[in-house]
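Okay, so here's the structure we're looking at.
Residue numbers (our numbering), protein chains in the order written: chain A, 4 to 282; chain B, 295 to 721.
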């Protein structure tokens, strides 16, 4: 259909629940070089709200509000405080231009933002400097930080797992980067017929919101797969939250509908922390 | 890419000069500064010497009709101080026509159903002399010295914003001080123009405004009347335009806003106070007894203006810089405060989430939420003006029927009245 331009709807696979990866795999690269190059080409446009990242800018206020609320709850901070994340270390994986890193820094977190795409950390650093924010941006990937033995209170993997080559290895690395009482937030797109209709046909082909080829539907992840994948790594899911877009009001809202965009919040399961089993 | 992380040195961050810069410290800009300052933002409130409103002066008795909804917002912002004591309450509005003599009474008490949980405000609005509002707002600003910096500059030289990199807005000002004249540059997340109808900032940003003259002038002055006004405002539609009596604090004084064609207004303005009182008596009638004009009338040429856009990158318009309405509905300042109430709410919400308070996403939301109110009110006021100015017999008949009919149709009267109180649909 559509001159053969549309990607075929094949059955995707659960790439998160393969046999356990060997410990050495945890520092393997998961970067998809094609995806990385695609993002590098438009790095300068990250902060152009009318540019290629417009959909993310529209989604961002609700995404940040949902994040803030859960993070404040997890760390038992004052929800009305001016800088409720003060002092917490936060890793933003696939940070892009810093659409999430900057708000998190304003809320008080000590933010490290990593992105594998060339030129991205420069764009992000420059923008943070003009905004008067201190953020540690690096062109790096999760395996580099794991190799360095770095740990964070908050690990964010937002709209990134669908862009990596080995989601199971990536999840191992996310876990390795968490502090024992930390929180991991993964957001992605569901591998459902609705998401194929909305995120691929709708956003890329009809609305032209995203460049064609931005997403590969087969790499989308079902919430059940993600939760199972986390559980296999001793990560307990505390909440699965849908985000829904109303095209008429152009507003994103939290919902129970996880058929397209959703977030999963996870902490190390009690058994794992009690036994001191922290990788 | 398994290599040692290409670590960037942490850039030493220099905070922006201000979260928000507001140009224009009139009734709209000053109120916005306080709303934002109370929300924890660092605000620079700029005044340009020469454009600056005259210092509060109790001899200048110009008034503002503060609608119930605006009054509530000003109360919430702790801006309603002396005004609570010194303002004249409007308990009802009596509308009449020059020929039909039919009355339309707007009485808010009649609107409250017995079972209504949320009572309507006790009055439709309050008439306050502008100098009182200025004093109240200045006192509130002075209580927020950590948040609000007030500064007078000689001139604003240029404004620079950038949409692609979303860099902070920059504003260059000329200041004169002890060490002579110099240029100062301020950076901010968001620049807001509340600098009045000719808004120099709007022009610098290249935002066009659609404007026309009404060929009408409003004469404004205070009268003493023999009978007490009983907190009733009168709006009487005459051939040249509306004539309004707005009740002041003193039971025997009202502020008169009298709109006439430019030629007639010029003649009236040249009369002595005795002659003017006589002309007023002829048109208004005897319902308040004998009339005495207390001061020479001030003349306000009536104009309509509406900016084509309310926002640009890191830039927003509020108040008269965005829209100027015929004062027939008494909505000018109220409309401006509705702009600032929304803008302040959106900015404070964004700040709480750590979001960029000058983002295009936020500004577009502001614009989208203000358009319906602005468009409907400008259509209504232009339409009302035409309707009441017409001399054609059938229009006069419709008009008289209309006024009389509205009075007997609560379902039509209620929305009209809520609109006047600033509580209509869309708020």
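For each residue, glycine too, the CB sits at the ideal point set by N, CA and C.
**Message:** Three or more C-beta pairs under 8 Å: does that hold for the segment 593-608 of chain B against the segment 545-565 of chain B?
**Reply:** Yes, since at least three Cβ pairs between the segment 593-608 of chain B and the segment 545-565 of chain B fall closer than 8 Å, the two stretches touch.
**Message:** So the candidates are B:371, B:315 and B:312; which of them puts its Cα closest to the Cα of residue 639 of chain B?
**Reply:** With distances taken between CA atoms, residue 639 of chain B lies nearest to B:371 out of B:371, B:315 and B:312.
**Prompt:** Quick one, are the C-beta atoms of residue 509 of chain B and residue 615 of chain B less than 8 Å apart?
**Reply:** No Cβ-Cβ contact shorter than 8 Å links residue 509 of chain B with residue 615 of chain B.
**Asked** Between the beta-carbon of residue 637 of chain B and the beta-carbon of residue 599 of chain B, is there less than 8 Å?
**Response** One thing to note: residue 637 of chain B has its Cβ no nearer than 8 Å to the Cβ of residue 599 of chain B.
**Request:** Determine the burial state of residue 197 of chain A: buried for a count of at least 16 other Cβ atoms within 10 Å of its Cβ, exposed for fewer.
**Result:** When all chains shown are included, residue 197 of chain A counts as exposed.
**Item:** Proximity to residue 114 of chain A [Cα-Cα], best of A:128, A:82 and A:122
**Value:** Ranking the options by Cα distance to residue 114 of chain A, first place goes to A:128.
**Message:** Closer than 8 Å is the cut-off here; do at least three beta carbon pairs connect the segment 351-367 of chain B with the segment 453-465 of chain B?
**Reply:** They do not touch, by the three-pair rule.
**Prompt:** Which whole-angstrom value describes the C-beta separation of residue 567 of chain B and residue 587 of chain B, a residue pair presumed to lie in contact below a C-beta threshold of 8 Å?
**Reply:** At roughly 4 Å, the Cβ-Cβ gap stays under 8 Å, so residue 567 of chain B and residue 587 of chain B are in contact.
**Item:** Straight-line gap, residue 254 of chain A to residue 62 of chain A (C-alpha atoms, nearest Å)
**Value:** For the pair residue 254 of chain A and residue 62 of chain A, the Cα-to-Cα distance works out to about 8 Å.
**Item:** residue 264 of chain A, enclosing beta strand (DSSP E) - first and last residue
**Value:** 264-271 is the extent of the beta strand (DSSP E) around residue 264 of chain A.
**Prompt:** When the Cα of residue 463 of chain B is compared with those of B:447, B:480 and B:469, which residue comes out closest?
**Reply:** Of B:447, B:480 and B:469, the residue nearest in Cα terms is B:480.
**Message:** Residues of chain A with CB closer than 7 Å to the CB of residue 438 of chain B, please, in chain order.
**Reply:** For residue 438 of chain B, there are no neighbours in chain A by C-beta distance under 7 Å, as the nearest C-beta there is about 16 Å away.
**Item:** Beta-carbon gap between residue 192 of chain A and residue 218 of chain A smaller than 8 Å
**Value:** Yes; because the gap between Cβ atoms is below 8 Å, this pair is in contact.
**Residue from A:96, A:264, A:230 and A:270 with nearest C-alpha to residue 249 of chain A** = Per the Cα distances, A:264.
**Item:** Inter-residue spacing [alpha-carbon to alpha-carbon] between residue 57 of chain A and residue 48 of chain A
**Value:** Distance between the alpha carbons of residue 57 of chain A and residue 48 of chain A is about 10 Å.
**Item:** Boundaries (first-last residue) of the beta strand (DSSP E) holding residue 547 of chain B
**Value:** Where residue 547 of chain B is concerned, the enclosing beta strand (DSSP E) stretches over 547-555.
**Asked** What residues in the segment 57-68 of chain A have a beta carbon less than 8 Å from any beta carbon of chain B?
**Response** If you check each beta-carbon in the segment 57-68 of chain A against every beta-carbon of chain B, the ones closer than 8 Å belong to 60, 61, 63, 64, 67 and 68.
**Request:** Name, please, each residue of chain B whose Cβ falls closer than 8 Å to the Cβ of residue 52 of chain A.
**Result:** Those are 457, 460, 653, 654 and 655, listed as they occur along chain B.
**Asked** DSSP beta-bridge partners for residue 155 of chain A?
**Response** Answer is A:181, bridged to residue 155 of chain A.
**Prompt:** In this structure, what does DSSP give as the bridge partners for residue 506 of chain B?
**Reply:** Paired residues: B:598.
**Item:** Chain-ordered chain B contacts of residue 110 of chain A [CB-CB under 7 Å]
**Value:** In chain order: 648.
**Message:** Which residues does DSSP list as the beta-bridge partners of residue 444 of chain B?
**Reply:** Paired residues: B:339.
**Request:** Kindly indicate if chain B contains any beta-carbon less than 8 Å away from that of residue 135 of chain A.
**Result:** Residue 135 of chain A counts as touching chain B.
**Prompt:** What's the C-alpha gap between residue 450 of chain B and residue 342 of chain B?
**Reply:** Near 7 Å, if we compare the C-alpha coordinates of residue 342 of chain B and residue 450 of chain B.
**Message:** Alpha carbons only, please: which of A:156, A:118 and A:223 is nearest the one belonging to residue 78 of chain A?
**Reply:** When only C-alpha atoms are compared, the closest one is A:156.
**Asked** Counting only beta-carbon atoms, is residue 73 of chain A nearer than 8 Å to chain B?
**Response** For residue 73 of chain A, the answer is no, since every Cβ of chain B falls outside 8 Å of its Cβ.
**Request:** Using only alpha-carbon positions, find the residue among B:612, B:532, B:665 and B:618 that is nearest to residue 635 of chain B.
**Result:** Closest option to residue 635 of chain B, Cα to Cα, is B:612.
**Message:** From the DSSP secondary-structure annotation, give me the bridge partner or partners of residue 585 of chain B.
**Reply:** DSSP lists B:519 as partners of residue 585 of chain B.
**Prompt:** Going along chain B, which residues have a C-beta under 9 Å from residue 3 of chain A?
**Reply:** Residue 3 of chain A is absent from the structure shown; chain A starts at 4 and stops at 282.
**Item:** Where residue 100 of chain A sits in the DSSP three-state scheme
**Value:** Correct three-state label for residue 100 of chain A: coil.
**Item:** N-terminal and C-terminal residue of the alpha helix (DSSP H) that residue 626 of chain B is part of
**Value:** Residue 626 of chain B -> alpha helix (DSSP H) spans 626-646.
**Item:** chain C within 8 Å of residue 613 of chain B, Cβ atoms only
**Value:** Protein chains in the displayed structure are A and B, and chain C is not among them.
**Request:** Could you tell me the distance, in whole angstroms, from the CA atom of residue 577 of chain B to the CA atom of residue 528 of chain B?
**Result:** Here the alpha carbon of residue 577 of chain B sits roughly 12 Å from the alpha carbon of residue 528 of chain B.
**Asked** Beta-carbon separation of residue 69 of chain A and residue 229 of chain A under 8 Å?
**Response** No.
**Request:** Kindly indicate the opening and closing residues of the alpha helix (DSSP H) around residue 116 of chain A.
**Result:** Premise fails: residue 116 of chain A lies in the beta strand (DSSP E), 113-118, not in any alpha helix (DSSP H).
**Message:** Is residue 55 of chain A close to chain B? Criterion is C-beta to C-beta, closer than 8 Å.
**Reply:** By this cut-off, residue 55 of chain A is not an interface position.
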